[in-house]
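I have placed the structure first, in the form of structure tokens, so that the comments after it can refer back to it.
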Amino acid sequence: MEALSDRPVHEASLNAANTKLSRLETALGKADRPDFGLCANGNNPFPPSRILLMPEATLCILCAEKS
Numbered sequence: 509m510e511a512l513s514d515r516p517v518h519e520a521s522l523n524a525a526n527t528k529l530s531r532l533e534t535a536l537g538k539a540d541r542p543d544f545g546l547c548a549n550g551n552n553p554f555p556p557s558r559i560l561l562m563p564e565a566t567l568c569i570l571c572a573e574k575s
């Protein structure tokens, strides 16, 4: 019975992992483009530390905090 009760948790984890994978694949596809590492809202450049920690990020920290 435990397996049945854990199913929603496992499905949520799987969905979160699939979402992150999709975002990482999008970031990888942009790696050679001039807009890689730029905020989608304001074109502010990301610091290298943000790219290393969250390569899938599309917003700079300021814009992410506003949304």
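Following our numbering, the numbering of the sequence shown begins with 509 at its first residue and continues without gaps. Here a beta-carbon is modelled for each residue, glycine too, at the ideal position from N, C-alpha and C. Owing to the predicted nature of the structure, the values given are computational and were not obtained by experimental measurement.
According to DSSP, simplified to helix, strand and coil, what is residue i?
i      : result
Leu567 : coil
Pro556 : helix
Between the options, which lies nearest to residue i when the distance is taken from Cα to Cα?
i      : options                   : result
Leu560 : Glu573, Ala539 and Ala548 : Ala539
Arg558 : Gly550, Ser575 and Gly545 : Gly545
Measure the Cβ-Cβ separation of residue i and residue j and say whether it is below 8 Å.
i      : j      : result
Glu564 : Ala524 : no
Cys571 : Phe554 : no
Thr566 : Ala548 : yes
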